[in-house]
Amino acid sequence: MFFGTYTPKLDEKGRLFLPAKFRDQLTEGLVVTRGQERCLTVWSLGDFAKLTDRLADAPVTNKGTRDYVRMLFAAASQEVPDKQGRINIPAPLREYASLRKECVVIGSMNRVEIWDPAAWATYSEEQEQKFSEISDEVFPGI
């Protein structure tokens, strides 16, 4: 499980130091790809395989399924952290998420998200009030 907020930097070669608390779960490899709201999503290989299995069961006759699969997989990059815990973030993905040097890396249950700091600040601020409002939707009856 991934949780917490961290602020690593991209180096001059476009590599990101994974937070130390995330490294053990990702040492075998990972997939980084587009996420929603213009962030990047990092999946362990196992969780990406589970996602792939679910998508394989979705009907390809559905345009939404085709569109989602194309966008997710066209941008996906399989990476293995180096001995220092760095992963390469390919240039098209850095561009998609507007990543320069500073980054915000958050744990999001079974995945990691990488955000541009300004985008994360805006998103987080917008969602703060909704967080309490949607708790009944997410956990009805609790």
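With positions in the sequence shown counted from 1, the corresponding number in our numbering is that position plus 100.
Beta carbons are placed, not taken as given, at the ideal position from N, Cα and C, and that holds for glycine.
No experiment lies behind these values; they were computed from the predicted model shown.
- Per the DSSP secondary-structure output, Ser144 pairs in a beta bridge with Leu130.
- The alpha carbon of Phe102 has as its nearest neighbour, out of Cys203, Ala191, Asp147, the alpha carbon of Asp147.
- If you check the CB distance, Phe117 and Gly185 come in under 8 Å.
- One thing to note: Ile214 has its Cβ no nearer than 8 Å to the Cβ of Arg115.
- Setting aside the 5 residues that flank it on each side, Arg211 is surrounded in the same chain by Phe102, Thr141, Val142, Trp143, Asp147, each with a C-beta closer than 7 Å to its C-beta; the list follows chain order.
- Excluding residues up to 5 positions away in sequence, Thr107, Pro108, Lys109, Leu110, Leu116, Ile214, Trp215, Asp216, Pro217 lie with their Cβ nearer than 8 Å to the Cβ of Cys203 in the same chain.
- The residue from Asp236, Arg170, Thr127, Leu199 with its alpha-carbon nearest to that of Asp182 is Thr127.
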